[in-house]
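> Here the UniProt record's numbering is used: the first residue of the sequence shown is 1, the next is one more, and so on. Beta carbons are placed, not taken as given, at the ideal position from N, Cα and C, and that holds for glycine. None of the values given here were measured: they were computed from a predicted structure. This is the structure, below, for whatever I ask next.
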Amino acid sequence: MPRLLIKHCRTIMTGLAGDLARHSGHDILVEDGTITAIGDLDTPANTPVMDAKGCIAYPGWVNTHHHLFQSLLKGEAGGLNQSLGAWLAATPYRYRAAFDEQTFRVAARVGLVELLRSGCTTVADHHYLYWPGMPFDSADILFEEASALGIRFVLCRGGATQTRGLEENLPQALRPEKFDSWMADMQRLTSRYHQASETAMRQVVMAPTSSLHSTTPEQLRECADLARRSGIRLHSHLSETVDYLDAARSKFAMTPVEFCAEYGWTGPDVWFAHLVKLLPQEIALLGATGTGIAHCPQSNGRLGSGIADIIGLEQAGVKISLGVDGAGSNEAADMISETHAAWLMQRARKGMLATPRYDGGQWEGGGDAATVDDVIRWGTSGGAAVLGLNGTGSLAPGMAADIALYQLDDPRYFGLHDPAIAPVVSGGRPGLRALLCAGQVVMENDNLPGVDLAQLELDAASAVIQLQTRAGLRR
Ligand SMILES: [Zn+2]
1 MPRLLIKHCR
11 TIMTGLAGDL
21 ARHSGHDILV
31 EDGTITAIGD
41 LDTPANTPVM
51 DAKGCIAYPG
61 WVNTHHHLFQ
71 SLLKGEAGGL
81 NQSLGAWLAA
91 TPYRYRAAFD
101 EQTFRVAARV
111 GLVELLRSGC
121 TTVADHHYLY
131 WPGMPFDSAD
141 ILFEEASALG
151 IRFVLCRGGA
161 TQTRGLEENL
171 PQALRPEKFD
181 SWMADMQRLT
191 SRYHQASETA
201 MRQVVMAPTS
211 SLHSTTPEQL
221 RECADLARRS
231 GIRLHSHLSE
241 TVDYLDAARS
251 KFAMTPVEFC
261 AEYGWTGPDV
271 WFAHLVKLLP
281 QEIALLGATG
291 TGIAHCPQSN
301 GRLGSGIADI
311 IGLEQAGVKI
321 SLGVDGAGSN
331 EAADMISETH
341 AAWLMQRARK
351 GMLATPRYDG
361 GQWEGGGDAA
371 TVDDVIRWGT
381 SGGAAVLGLN
391 GTGSLAPGMA
401 ADIALYQLDD
411 PRYFGLHDPA
421 IAPVVSGGRP
431 GLRALLCAGQ
441 VVMENDNLPG
451 VDLAQLELDA
461 ASAVIQLQTR
471 AGLRR
């Protein structure tokens with residue numbers, strides 16, 4: 001569709017900061033995948049019109065941290081009430097070897113469909129399901145599934161060259177890779193899929209599974225060098241719990257962020273998931289280097305890890321974005337739930353840290369900690385900046401036409417004084433009049449063409465049974 005005029009939006013939220021956060025116009029003109037005008041526009045000749053009467057326009061959400069394979073591990077009983085370390089052993093690691101091509105494909109599809117239905121148009125998947133001699137190419141499957149649904153896809157290719165020294169006894173599907181073959185695969189994936197453009201539909205990122213635990217320090221430096229020579233970005237997990245501080249101190253006599261900086265893992269082309277437990281000097285170092293974060297408040301809450309200091313990180317200069325993390329630690333891995341949680345939890349965090357007083361002195365609550373505009377910006381233009389997709393993530397002329405048109409026809413949105421803030425303040429799932437990615441209408445009237453949700457539900461249920469059987473939890 002080369003040209004489309006979206007008319008009569010109730011409000012247009014741009015994803016930008018300050019006075020630019022809300023556009024005064026009501027129409028958006030899209031030409032060849034790009035927004036060319038926003039305002040109260042006349043209809044050009046021979047231009048199809050989409051009536052968005054009553055709808056709120058948002059930029060498509062940008063999810064900067066996910067593990068799509070976990071979309072079939074939601075609420076897994078063994079890890080449901082565990083903190084990070086025990087949960088990793090009970091849920092993702094225990095089931096890793098149980099995935100085959102078909103179950104993996106179903107997991108990816110469930111996760112992507114869930115995200116699209118929340119208005120998400122860009123997904124960065126931290127994919128670490130790799131072992132030597134894997135019988136299927138999971139990267140191919142991820143790009144295929146994303147492409148069939150019309151969503152932008154960033155493959156953060158995970159991997160590890162070491163476990164905690166148990167390799168000999170591990171089954172093949174849990175063994176670490178050799179560094180050289182992992183780097184060779186990085187080069188293969190980069191040349192096959194990576195597009196350098198700021199509106200790329202496909203990108204590849206260097207993403208060791210854990211910055212501290214997955215490689216030797218020398219390999220960490222070497223893979224950063226290779227990433228920069230290849231023109232791709234760098235991503236990993238960092239400081240999700242206090243365990244990272246303990247490990248970095250005992251193994252390297254440094255803080256986790258100092259360790260990353262020492263081995264080339266800070267800078268504007270790097271972003272980390274979580275950053276929940278940081279020392280003040282670590283926040284300063286991340287800010288001074290322009291490093292980014294994928295803030296995952298629901299997963300951090302679900303695993304009892306804590307609440308990252310997003311306000312402090314942003315003030316220090318850290319680039320803020322939002323990620324849903326894997327559905328194995330977030331049973332609502334969609335961007336509306338995540339932004340709703342981000343809004344609430346920054347306020348809860350500030351309020352929680354206020355010390356109660358009984359001496360008549362003042363104490364501050366957290367009601368001003370994160371505005372709705374902040375949260376929309378983090379989840380859209382903030383995510384685009386973290387990924388380097390600077391031609392996406394906001395609604396403005398010249399930007400890619402990634403547009404969610406929400407219709408607020410559920411009673412949970414009735415009575416709102418300002419309907420434009422509904423997706424963030426009320427959560428739930430607002431219906432989509434339409435969702436556009438790069439100007440293509442990928443959802444219309446709340447319908448994903450080509451996706452049979454009833455069939456997907458059956459496929460997911462039978463895949464869960466297969467995984468439980470292969471993991472030895474069902475006979
Ligand atoms: Zn993660």
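Output the distance between the C-alpha atoms of Glu198 and Ala438, rounded to the nearest integer angstrom.
12 Å
> Considering just the uninterrupted stretch of the beta strand (DSSP E) at Phe272, what are its terminal residues?
Per DSSP, Phe272 is one residue of the beta strand (DSSP E) stretching across 270 to 274.
> Hey, is His213 close to ligand 1, as in C-beta under 7 Å from one of its heavy atoms?
no
> For Ile38, I'd like the list of residues in its chain whose CB is within less than 6 Å of its CB, leaving aside the five on either flank, ordered along the chain.
His23, Gly25, Ile28
> Would Gly365 be called buried (16 or more neighbouring beta carbons within 10 Å of its own) or exposed?
exposed
> What do you reckon, is the C-beta of Asp32 under 7 Å from a heavy atom of ligand 1?
no
> Figure out for me which residue from Asp269, Leu212, Arg233, Arg229 has the closest Cα to the Cα of Val257.
Leu212
> Can we say the segment 260 to 272 touches the segment 300 to 310, given the rule of at least three CB pairs closer than 8 Å?
no
> Looking at Asp325 and ligand 1, is the gap between the Cβ and the nearest heavy atom below 7 Å?
Relative to ligand 1, Asp325 has its C-beta within less than 7 Å of a heavy atom.
> Suppose the cutoff is 8 Å on Cβ atoms and the five residues either side in sequence are ignored; what does the same chain contact list for Ala420 look like?
Arg10, Thr11, Met13, Arg22, Ile56
> Check the DSSP bridge columns for His126 and list the partner residues they point to.
Cys156.
> Just mark Phe414 as buried or exposed, buried being the case when its beta carbon has 16 or more other beta carbons within 10 Å.
exposed
> Comparing alpha-carbon positions, which option in Ala139, Leu395, Arg412 lies nearest Leu405?
Leu395
> Would His237 and Cys156 be called neighbours here (beta carbons separated by less than 8 Å)?
no
> Does the Cβ of His127 lie closer than 7 Å to at least one heavy atom of ligand 1?
no
> Does the separation of the CB atoms of Ala139 and Pro208 fall below 8 Å?
No.
> According to DSSP, simplified to helix, strand and coil, what is Asn445?
coil
> Which first and last residues belong to the alpha helix (DSSP H) in which Pro217 is found?
DSSP places Pro217 inside the alpha helix (DSSP H), whose first and last residues are 217 to 230.
> Going by DSSP in three states, residue 477 sits in which element: helix, strand or coil?
Past the edges of the chain, shown from 1 to 475, lies residue 477, and the structure says nothing about it.
> What three-state label does DSSP hand Ala404 in the structure shown?
strand
> So, His67 versus His127, is the Cβ gap smaller than 8 Å?
yes
> How is Leu286 classed by DSSP in three states: helix, strand or coil?
helix
> Just to confirm the assignment, what range does the beta strand (DSSP E) spanning Ala434 have?
Unbroken beta strand (DSSP E) run through Ala434: 431 to 437.
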